[in-house]
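**Q**
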Amino acid sequence: MINDAHLNINSDDELKLAFANARSLLVYFILFMIAQLFTVVLVVDAIYQRNTIQLIALVAFELGMTAYSFIQFHQSSTLFSKEDSNESAGLLYLGYAYHDSKWAEITQSCVMCICTCIFSFLAYKLYLEFGWHIYKKIGADLAMRDRYKMYQIFMMLLKFDFFFFLGFSIQYLALLIVAWWPTAENSGDQATTVKELIEHIVFSCCISVAMLTSALWGLKREKKPQMYIFLVLCLASMGYYIYTLVEIAKNPVRFLGSKAFLTFFLCVDLVLILVSVAIAIICLKNFNLGLMNHISHATTSATSAHSLAPLGQDPLHDSHALIVRKEAPFNAEPSTPDLVKYYITPEKYFFCRNHGPMPVLDENEHTIEISGIGCKSKTVITMKQIKQDYEKVSVMMVMECAGNRRDGLHKVKFTKGVIWGPGALGNAIYSGSRLKDVLEAIGVTSKIKNLSKLHVAFESVEQCEEEKCYGSSIPLSKALDEFGDVLLAYEVKIKFVFKKNAKVTKPSSMVKL
Numbered sequence: 020m021i022n023d024a025h026l027n028i029n030s031d032d033e034l035k036l037a038f039a040n041a042r043s044l045l046v047y048f049i050l051f052m053i054a055q056l057f058t059v060v061l062v063v064d065a066i067y068q069r070n071t072i073q074l075i076a077l078v079a080f081e082l083g084m085t086a087y088s089f090i091q092f093h094q095s096s097t098l099f100s101k102e103d104s105n106e107s108a109g110l111l112y113l114g115y116a117y118h119d120s121k122w123a124e125i126t127q128s129c130v131m132c133i134c135t136c137i138f139s140f141l142a143y144k145l146y147l148e149f150g151w152h153i154y155k156k157i158g159a160d161l162a163m164r165d166r167y168k169m170y171q172i173f174m175m176l177l178k179f180d181f182f183f184f185l186g187f188s189i190q191y192l193a194l195l196i197v198a199w200w201p202t203a204e205n206s207g208d209q210a211t212t213v214k215e216l217i218e219h220i221v222f223s224c225c226i227s228v229a230m231l232t233s234a235l236w237g238l239k240r241e242k243k244p245q246m247y248i249f250l251v252l253c254l255a256s257m258g259y260y261i262y263t264l265v266e267i268a269k270n271p272v273r274f275l276g277s278k279a280f281l282t283f284f285l286c287v288d289l290v291l292i293l294v295s296v297a298i299a300i301i302c303l304k305n306f307n308l309g310l311m312n313h314i315s316h317a318t319t320s321a322t323s324a325h326s327l328a329p330l331g332q333d334p335l336h337d338s339h340a341l342i343v344r345k346e347a348p349f350n351a352e353p354s355t356p357d358l359v360k361y362y363i364t365p366e367k368y369f370f371c372r373n374h375g376p377m378p379v380l381d382e383n384e385h386t387i388e389i390s391g392i393g394c395k396s397k398t399v400i401t402m403k404q405i406k407q408d409y410e411k412v413s414v415m416m417v418m419e420c421a422g423n424r425r426d427g428l429h430k431v432k433f434t435k436g437v438i439w440g441p442g443a444l445g446n447a448i449y450s451g452s453r454l455k456d457v458l459e460a461i462g463v464t465s466k467i468k469n470l471s472k473l474h475v476a477f478e479s480v481e482q483c484e485e486e487k488c489y490g491s492s493i494p495l496s497k498a499l500d501e502f503g504d505v506l507l508a509y510e511v512k513i514k515f516v517f518k519k520n521a522k523v524t525k526p527s528s529m530v531k532l
């Protein structure tokens with residue numbers, strides 16, 4: 020880099036500009052390295068969180084970084100313009116050291132291009148994989164999936180807010196400490212620099228940290244006061260950034276060499292704040308609508324007190340009568356000729372679908388938790404209470420696995436799950452309590468607001484093979500329909516033989532609205 024101790028920077032404005040550009044270029048090199056580390060952290064985080072939105076944003080970020088690697092080379096190679104009368108003075112001092120890093124910068128740009136293409140391809144593959152994970156985690160409820168999407172977008176924005184706020188702070192601190200402090204000629208100039216340093220630390224660094232921390236806490240816990248604090252601090256940050264933009268425009272000489280990138284970072288920061296505020300308001304409206312139950316339930320399930328039978332110790336089945344699709348957990352189906360022989364499917368020909376080890380339950384202690392919109396409070400009911408307090412109803416219906424005939428889909432395109440033929444279904448008579456009666460007893464009725472947009476989400480307490488809890492959902496209007504035939508089933512009649520604790524009509528041990 021050019022050293023002002025060896026160059027008389029007061030001799031010519033163009034040499035001043037070259038010196039300022041060279042000094043600021045060092046800061047941008049450091050920011051470029053920090054950005055690469057930031058990308059690695061965010062990639063690991065996106066994979067761990069299975070955040071498709073963040074993956075898409077990272078692809079765009081990597082494309083921008085690749086473009087900047089070429090800009091970086093251009094900045095280094097054009098420190099001295101060919102028309103610069105002081106070019107010879109600068110080159111005379113630098114000699115062969117001038118742009119000695121050319122080979123490294125060209126190599127870096129080529130590597131960035133190749134790696135960005137590879138990363139984009141891998142991100143696309145992960146996008147397909149994570150889409151399936153989100154469906155399993157959130158379920159088929161489109162409104163809940165939209166809420167989760169907004170949650171992911173806001174989380175991603177907070178991470179990019181952190182980087183770009185930090186990027187601006189580093190540049191401005193470098194100007195204060197490296198450029199302006201050494202050139203302060205008297206105590207008055209030094210006092211002004213110290214004042215600006217304190218203002219920057221308070222308004223940029225401290226407020227940014229407080230703002231992002233408050234937003235993260237508010238979003239994770241669905242705390243509205245913290246989100247309101249975030250919105251207020253966003254306005255304060257916007258005021259400071261606009262003030263700084265005005266100062267840069269009024270004093271171009273003072274910001275020589277840093278004006279372009281400081282302006283760029285400030286504009287990006289302002290756009291990020293505006294977008295973050297808009298998404299934060301949407302997330303605020305989504306509070307207390309059940310999203311946190313979906314996100315936090317996986318952690319709860321990992322510490323569940325329910326015991327499970329080890330894999331391979333499930334109840335015995337007549338595997339000779341079934342086509343085994345998976346040994347552990349046991350999944351099997353009958354052949355089509357055996358299935359169509361009977362109106363009521365016999366036990367030995369009834370398909371077996373297990374997402375995990377068989378729960379070992381005590382009827383007197385096993386509970387169902389019900390919570391969500393319309394519930395007076397979180398309700399816990401034992402299976403014994405359900406049998407005693409609610410009318411027993413019997414319904415004949417066909418139970419079918421959602422993955423039935425997956426082998427046909429698999430021939431066209433790979434799909435996840437057990438590769439079923441056409442036999443993953445069976446007809447039986449189920450007995451249990453109507454879900455309608457249970458919900459109405461705790462205050463959930465058809466008069467609830469936005470009934471058509473709400474779903475009942477069923478979630479298992481135990482963690483399953485999908486690494487999360489098994490779940491499904493139905494419209495709340497279906498559950499409350501007088502003729503909906505939705506049961507919390509505890510008996511199933513297979514060829515006129517009652518079997519206790521069989522698969523329920525809607526498999527679940529937790530109901531959430």
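Take the numbering used here: the final residue in the sequence shown is number 532, and no numbers are missing along the way. C-beta: ideal position from N, C-alpha, C; glycine also.
(1) Per DSSP, which residues does ARG453 bridge with? Please list them.
(2) Determine the direct distance from the alpha carbon of GLU459 to that of VAL63, and round the result to whole angstroms.
(3) When the Cα atoms are used, what is the spatial distance from PHE92 to CYS132?
(4) Could you work out which residue in ASN350, PRO271, TYR260, ILE172 is closest to PHE284 when comparing CA atoms only?
(5) Skipping 5 residues on each side, what residues in its chain have a beta carbon closer than 8 Å to that of ALA142?
(6) In whole angstroms, give me the CA-to-CA distance for PHE173 and VAL294.
(7) Under 7 Å, do GLU382 and LYS403 count as touching if we go by C-beta distance?
(8) Answer yes or no: do LEU495 and LYS455 have a C-beta to C-beta separation smaller than 7 Å?
(9) Whose C-beta lies closer than 6 Å to the C-beta of LEU428 among residues of the same chain, with five residues either side of it excluded?
(10) Within 10 angstroms of its Cβ, does GLN55 collect 16 or more other Cβ (buried), or is it exposed?
(11) Only counting the same chain, and skipping five residues up and downstream in sequence, which positions put a Cβ closer than 6 Å to that of LEU264?
(12) How many angstroms separate the CA atom of ILE438 from the CA atom of HIS374?
(13) Look at the alpha carbon of ASP10 and the alpha carbon of GLY393, and state the distance between them as a whole number of angstroms.
(14) Checking the sheet assignment: what are the DSSP bridge partners for MET415?
(15) Which residue from LEU250, LYS269, ALA255, ILE342 puts its Cα closest to that of ALA299?
(16) Taking ALA234 as part of the alpha helix (DSSP H), name the residues at either end of that continuous run.
(17) Check each candidate in GLY237, VAL296, ASP357, ALA447 and name the one with the smallest Cα separation from ASN307.
(18) By the DSSP assignment, the beta strand (DSSP E) with SER390 in it spans what residues?
(19) Which one of PHE138, LEU194, ASN423, ALA234 has the shortest CA to CA distance from PHE181?
(20) Could you please give the first and the last residue of the uninterrupted alpha helix (DSSP H) stretch that includes ALA268?
(21) Would GLU478 be called buried (16 or more neighbouring beta carbons within 10 Å of its own) or exposed?
(22) DSSP state of THR398, grouped into three classes?
(23) When the Cα atoms are used, what is the spatial distance from LEU192 to LYS214?
**A** So, from the listed chains and residues:
(1) LEU506
(2) C-alpha separation (whole angstroms): 45 Å.
(3) Spanning the alpha carbons of PHE92 and CYS132 requires a straight line of approximately 14 Å.
(4) TYR260
(5) Setting aside the 5 residues that flank it on each side, ALA142 is surrounded in the same chain by LEU74, ILE75, LEU77, VAL78, each with a C-beta closer than 8 Å to its C-beta; the list follows chain order.
(6) 9 Å
(7) A contact, by the Cβ cut-off of 7 Å.
(8) no
(9) The answer, listed in chain order, is THR434.
(10) exposed
(11) These residues qualify, in order along the chain: LEU285.
(12) If I take the Cα positions, the gap works out to 14 Å.
(13) Since the first residue of the chain shown is 20 and the last is 532, residue 10 is not available in this structure.
(14) ILE448
(15) The candidate whose alpha carbon is nearest that of ALA299 is LEU250.
(16) Boundaries of the alpha helix (DSSP H) harbouring ALA234: 226-240, taken from the DSSP string.
(17) GLY237
(18) 386-390
(19) ALA234
(20) That run of the alpha helix (DSSP H) goes 243-269.
(21) buried
(22) strand
(23) 13 Å
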